[in-house]
Amino acid sequence: MFIFAANAKFTTTSVLATWISFLKPHYCGQFGQSKTLSTRAASRRRRKASKLFNMSDFEPIITHGESVIDRKSVFQGHSAAISQVEHVDIFLSKLKENKKIENAFHNMWAYRIDKSDPNARVAGKSASIIQDCDDDGEQAAGGRLLNLLQILNVVNVMVVVTRWYGGIQLGPARFKHINNAARDSLVKGGFVDDGRGGESSNTSLQPKGSNKAKNKKKSK
Numbered sequence: 001m002f003i004f005a006a007n008a009k010f011t012t013t014s015v016l017a018t019w020i021s022f023l024k025p026h027y028c029g030q031f032g033q034s035k036t037l038s039t040r041a042a043s044r045r046r047r048k049a050s051k052l053f054n055m056s057d058f059e060p061i062i063t064h065g066e067s068v069i070d071r072k073s074v075f076q077g078h079s080a081a082i083s084q085v086e087h088v089d090i091f092l093s094k095l096k097e098n099k100k101i102e103n104a105f106h107n108m109w110a111y112r113i114d115k116s117d118p119n120a121r122v123a124g125k126s127a128s129i130i131q132d133c134d135d136d137g138e139q140a141a142g143g144r145l146l147n148l149l150q151i152l153n154v155v156n157v158m159v160v161v162t163r164w165y166g167g168i169q170l171g172p173a174r175f176k177h178i179n180n181a182a183r184d185s186l187v188k189g190g191f192v193d194d195g196r197g198g199e200s201s202n203t204s205l206q207p208k209g210s211n212k213a214k215n216k217k218k219s220k
């Protein structure tokens with residue numbers, strides 16, 4: 001709860017901006033001018049659409065990032081280009097064909113899809129972005145991944161970060177590892193420039209020390 005000094009001058013705008021700054025990393029949505037489908041609505045639409053979509057119509061090309069290891073916990077990012085909400089569950093299903101990934105403690109994710117009319121863009125109208133995220137038990141992780149995609153200004157992409165829990169709680173450091181794992185995958189997939197002109201390349205799965213199956217999910 002915020003406590004303000006009696007002699008401080010606050011406007012409605014400044015107080016609102018403070019709350020937005022505080023809540024943004026924890027929210028699976030977007031604060032901004034783009035038209036955005038809410039998290040709940042996006043989830044409903046995705047589930048409904050996936051039932052009608054022929055899974056053979058889309059084969060995701062998945063880029064796997066390098067493993068980030070800290071105190072026996074392992075983090076690895078995975079990214080793929082998507083253009084429809086129906087692709088989300090297909091990507092997740094394809095990824096989880098790898099049993100080590102399926103049995104990981106967390107598979108948190110976020111995506112952004114640009115559904116803007118090109119003619120509207122030319123006319124200067126705001127973008128129409130469909131986006132969603134999921135913590136998969138790692139509290140606030142999905143919102144942070146979505147925030148990363150927004151900061152990097154990437155669309156038509158989905159990123160998943162897998163965590164194999166090593167038995168030691170990492171505290172806030174886990175969010176740094178999640179972001180780094182996600183960004184590494186995005187760079188290797190060619191969705192983000194690494195600043196060195198590097199070419200995108202796929203990296204094989206490296207779930208070292210990943211023999212922890214998820215029993216009860218909770219933030220570590």
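Reading the sequence shown from the start, the letters are residues 1 to 220 in this note's numbering. Glycine residues also receive a C-beta, built at the ideal position from the N, C-alpha and C atoms. Quick caveat: nothing in here was measured; it's all calculated off a predicted structure.
Applying the criterion that 16 or more other CB atoms from any shown protein chain within 10 Å of the CB defines a buried residue, is Asn153 buried or exposed? If you number the sequence shown from 1, residue 153 lands on position 153. That one is exposed.
When you compare only the Cα positions, how much space is there between Ala141 and Gly189? Residue numbering aside, residue 141 sits at position 141 when the sequence shown is read from its first letter. Residue numbering aside, residue 189 sits at position 189 when the sequence shown is read from its first letter. Taking the straight line from one Cα to the other gives about 21 Å.
Taking C-alpha atoms, which residue in Glu138, Asp70 and Phe75 lies nearest to His64? Mapped onto the sequence shown, residue 64 falls at position 64. Of the listed residues, the one whose Cα sits closest to His64 is Phe75.
Given this structure, state the Cα-to-Cα distance separating Ile130 from Arg71, to the nearest angstrom. Translated into the one-based positions of the sequence shown, residue 130 becomes position 130. Translated into the one-based positions of the sequence shown, residue 71 becomes position 71. Near 36 Å, if we compare the C-alpha coordinates of Arg71 and Ile130.
Cβ neighbour criterion (16 or more within 10 Å) applied to Ile168: Within the sequence shown, residue 168 is the residue found at index 168, counting from 1. Ile168 is exposed by the Cβ-count criterion.
Endpoints, alpha helix (DSSP H) assigned at Asp136: Here residue 136 is taken as the residue at index 136 of the sequence shown, counted from 1. It is not in any alpha helix (DSSP H) - Asp136 carries neither H nor E in the DSSP assignment.
In angstroms with no decimal places, state the Cα-to-Cα distance between His78 and Val161. Along the sequence shown, read from residue 1 onward, the residue named residue 78 stands at position 78. Along the sequence shown, read from residue 1 onward, the residue named residue 161 stands at position 161. Distance between the alpha carbons of His78 and Val161: 6 Å.
Where Gly166 falls, given that 16 or more other Cβ within 10 Å makes a residue buried: Sequence index remark: in the sequence shown, residue 166 carries index 166 (1-based). Label assigned to Gly166: buried.
So Ala127 is in the alpha helix (DSSP H); what residue range does that whole segment cover? Here the question's residue 127 lines up with position 127 in the sequence shown. Unbroken run through Ala127: none, as it is neither H nor E.
Buried versus exposed call for Ile61 [16 or more other C-beta atoms within 10 Å across all chains shown]: Reading the sequence shown from its first residue, position 61 is the one you call residue 61. Its Cβ having fewer than 16 others within 10 Å, Ile61 is exposed.
Compare the Cα-Cα distances from Phe191 to each of Val68, Ser73, Ala81 and Glu59 and report the closest residue. Working through the sequence shown from its first residue, we reach residue 191 at position 191. Among Val68, Ser73, Ala81 and Glu59, the Cα nearest to that of Phe191 belongs to Ala81.
Report the three-state DSSP secondary structure of Asp88 (helix, strand or coil). Numbered from its first residue, the sequence shown carries residue 88 at position 88. According to the sequence shown, residue 88 is Val rather than Asp. Reduced to three states, the DSSP call for Val88 is helix.
Taking the straight line between their C-alpha atoms, what separation do you get for His87 and Ser67? Locating residue 87 in the sequence shown gives position 87, counting from the first residue. Locating residue 67 in the sequence shown gives position 67, counting from the first residue. Between His87 and Ser67, the C-alpha separation is close to 25 Å.
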